[in-house]
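Chemist:
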Amino acid sequence: MKTLEIIGYKRANLGKSAAKQLRAEGNVPCVLYGGDEQVHFYAPMILFRDLIYTQEAHFVKLNVEGTEYDAILQDAQFHPVSEIILHVDFLQLFEGKPIKMNIPLQFTGVSPGVANGGTLVKKRHNLRLNALPKNMPEHLDIDITKLDFGRAIKVGEVEESNFEILDSKLASIAVVEIPRALRGKTADGEEEEGEEEEA
């Protein structure tokens, strides 16, 4: 997994007015936890572009006034209207200690159901994994080449490789919706005796 570097500066004041001033100056208030003590700092908002607005998961090398920490993005809060980043939480990493991360999904191949006019509906865009940092993937590839009408890809079908998937194995990742024109027809193309008519 790739590592991004973020340079930060310690916060002297932790109040709301100080945080508001930091945002007005183009910075993001942050906190790093998971170690011996929490580290409150801020970093330029532009440094978060490749970390937050991406299809990949990343590790982060935090440099707070010369002290370096290995970390992951744990949570980001956004303004409900402007979508400006309000606050970011980082979790400190330690070698040999498992971590939990939401890992993005990338869908590969062509679905027969989609090729025949269906619509691919993505029920999940990421899965939560538990793994050692060295085994955490940037993303998970989901093969949809066998995804036809009436078929769903379940979490349990994703192969675990040096990591554990924490989501329910019965949960759907993706399904193909049957187009309206084909609904209520059998494989032979004949109209089924509809429950809709009886209803």
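The sequence shown begins at 4 in my numbering and counts up by one.
Cβ coordinates follow ideal geometry from the N, Cα and C atoms, glycine included.
Fair warning: this is a prediction, and the values are worked out from it, not measured in the lab.
Alpha carbon to alpha carbon, how far is D170 from F81? Give it in angstroms, no decimals.
Modeler: Approximately 25 Å between the Cα atoms of the pair.
Chemist: To which residues of the same chain is E68 closer than 7 Å at the C-beta, ignoring the five residues directly before and after it?
Modeler: Cβ within range, chain order: Y12, K13.
Chemist: Within 10 angstroms of the Cβ of S164, are there 16 or more other Cβ atoms? Answer buried if so, exposed if not.
Modeler: Looking at its Cβ environment, which holds fewer than 16 other Cβ atoms inside 10 Å, S164 is exposed.
Chemist: A60 and H142 look like a contact to me (Cβ under 8 Å); what is the Cβ gap, rounded to whole Å?
Modeler: Right, the Cβ-Cβ distance comes to about 7 Å (below 8 Å), so this counts as a contact.
Chemist: According to DSSP, which residues form a beta bridge with D144?
Modeler: Answer is Q109.
Chemist: If you follow the beta strand (DSSP E) that Q24 is in, where does it begin and where does it stop?
Modeler: No beta strand (DSSP E) holds Q24; the alpha helix (DSSP H) holding it covers 19 to 27.
Chemist: Relative to the alpha-carbon of Q109, which residue among I9, G18, F152, P140 has its alpha-carbon at the smallest distance?
Modeler: Comparing Cα-Cα distances from Q109 to each of I9, G18, F152, P140, the minimum goes to P140.
Chemist: Return the chain-ordered list of same chain residues with a C-beta closer than 7 Å to the C-beta of V117, the five sequence neighbours on each side being excluded.
Modeler: Answer for V117: L123, V179, listed in chain order.
Chemist: How is N138 classed by DSSP in three states: helix, strand or coil?
Modeler: If DSSP states are grouped into helix, strand and coil, N138 belongs with the helices.
Chemist: Taking 8 Å as the threshold (C-beta atoms), are L94 and I102 in contact?
Modeler: Against a cut-off of 8 Å, the Cβ pair of L94 and I102 comes out as a contact.
Chemist: Of the choices Y56, R183, G37, whose alpha-carbon is the least far from that of A74?
Modeler: Of the listed residues, the one whose Cα sits closest to A74 is G37.
Chemist: Helix, strand or coil: how does DSSP classify P115 here?
Modeler: Residue state, collapsed to three classes: helix.
Chemist: Is it right to say P182 is buried, meaning 16 or more other beta carbons lie within 10 angstroms of its own, or is it exposed?
Modeler: Exposed: under 16 other Cβ atoms inside 10 Å.
Chemist: So, is A27 buried or exposed, given that buried needs 16 or more other C-beta atoms within 10 angstroms?
Modeler: With fewer than 16 Cβ atoms within 10 Å of its Cβ, A27 is classed as exposed.
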